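Let me begin by presenting the structure, written as structure tokens, before commenting on it.
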Amino acid sequence: MTTTSEKAAYGQVGKAGGGPRTGSGRPARHRDHTVPPWLFVVPALVVYGVVVLYPSLAGVMYAFTDWSGIGSFSFTGLDNFRALLDDSRALESVSNTLLLTVAVVVVQNGVGLLLALGVHADIKSRALLRLIFFAPAVVSPVMVAILWKYVYNPENGAGLNGVLGAVGLGGLRQDWLGDPSLALWSVAAMVVWQYAGYSMVVFLAGLQGVPAELHEAARIDGAGTWQRFRYVTWPLLAPALTINLMLSTIGGLKLFDQVYAATNGGPGTSSETLSTVLYKEAFVYGKFGYSTAVALVLALFVAAVSLVQLRHLRAREVTA
């Protein structure tokens, strides 16, 4: 039997133990106030939905309407896409976009690779050279276009024409942005100058990831400089090449700033691209429905080209 003194002692122990007790004599459980992790994602999803997802879906809808940017609209089915196929200016812009993209992708990555190989060498000024070559990539494309309009000044004593005249090559002076046969390629040179340094940085990261032991082993086996580059360096640059080709291709297909600021698509339509066409159709002619159809075609085209390119390049990647 439990005596009165034992009960009192037990009660004192219970009080000393502290903490609330339930009717069964067991300590009450503390509630877990931890916030579910998915709640942290909700604000970002809401912003993404409002800023990106909703406008994108609305844009797809407007591509099938005659919306003028204000007021009401009516659905027109595939009329905007039929008009696109019959629009000679839009079709020429497709050709110009493809030519510009090919030129930019090939030359930009070629120059970027050469620059990367140069600044990867053990020279004292390589840090400064890397900075100089990369600097144009952080400048606004519009500012670059304005700068190059001075470089392409058609006056004989100014810009590039002045340099050509000074070195005895006056016969090569041209109206670089005013000649329909040169305007598109002049814009391409401008883009390459700006972004070749960016490609250089990506290739440089790839070069730094090539194990020195492989080059040393190839050198011991008698491989020359070209053979070491072709059979050792180049295969291991595949990931960097994939990144550069993807970025330059997407950038070339969507190119707008430099074209609009330098030539406004001219002379005539010689440097018109899909991006300048959709801008003018929307904000100059007020055909927002038609402009959205052009934008949708451009987006699908960019996605298709990027997907094919990515799958092809990924299949050729080699790891050390």
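Numbering-wise, the sequence shown is residues 84 to 403 according to our numbering.
Every residue, glycine too, gets a C-beta built ideally from N, C-alpha and C.
What you are looking at is a predicted structure, and each value in this text was computed from that prediction instead of being measured.
Residues in its own chain within less than 8 Å of residue i by CB, not counting five upstream and five downstream?
i	result
G242	Y233, V234, Y235 and N236
G240	G248
L255	L247
F217	G280, Y281, M283 and V284
So, is residue i buried or exposed, given that buried needs 16 or more other C-beta atoms within 10 angstroms?
i	result
T148	buried
S259	Here the sequence assigns Trp to residue 259, which means Ser is not the residue at that position. The residue in question, W259, is buried, as its Cβ has 16 or more Cβ neighbours within 10 Å.
K207	exposed
Q277	buried
E364	buried
P409	This structure gives no information on residue 409, because the portion of the chain shown stretches from 84 to 403.
W150	buried
T308	exposed
V137	The residue you asked about is not Val; residue 137 is Tyr in the sequence shown. Its Cβ having fewer than 16 others within 10 Å, Y137 is exposed.
S223	exposed
Y368	exposed
T117	exposed
F366	exposed
L122	exposed
S374	buried
L82	Limits of the chain in this structure are 84 at one end and 403 at the other, which puts residue 82 out of reach.
According to DSSP, is residue i part of a helix, a strand, or is it coil?
i	result
F339	coil
E355	coil
W259	coil
L287	helix
K207	coil
V360	helix
Y137	helix
T117	coil
N192	helix
D169	helix
A266	helix
S389	helix
Y235	coil
L200	helix
G348	coil
P322	helix
Could you pull the DSSP bridge partners for residue i from this structure?
i	result
F371	According to DSSP, F371 bridges with nothing at all.
F158	T148
Taking 7 Å as the limit between beta carbons, can you name the residues of its chain near residue i, skipping five residues before and five after?
i	result
V194	V275 and A279
K98	Annotation note: pLDDT 48 at K98 (below 50); position unreliable, coordinate value reported separately. Cβ neighbours of K98 beyond the five flanking positions: none.
S354	N179, A266, L267, V270, V342, T346 and G348
A199	M283, F286, L287 and L290
Starting from the C-beta of residue i, find all residues in its chain whose C-beta is less than 6 Å away, skip the five residues before and the five after it, and write them out in chain order.
i	result
F164	A376
L396	T325
Against chain C, with Cβ distances strictly below 8 Å, would residue i count as a contact?
i	result
L381	The structure shown contains no chain C; it holds only a single protein chain.
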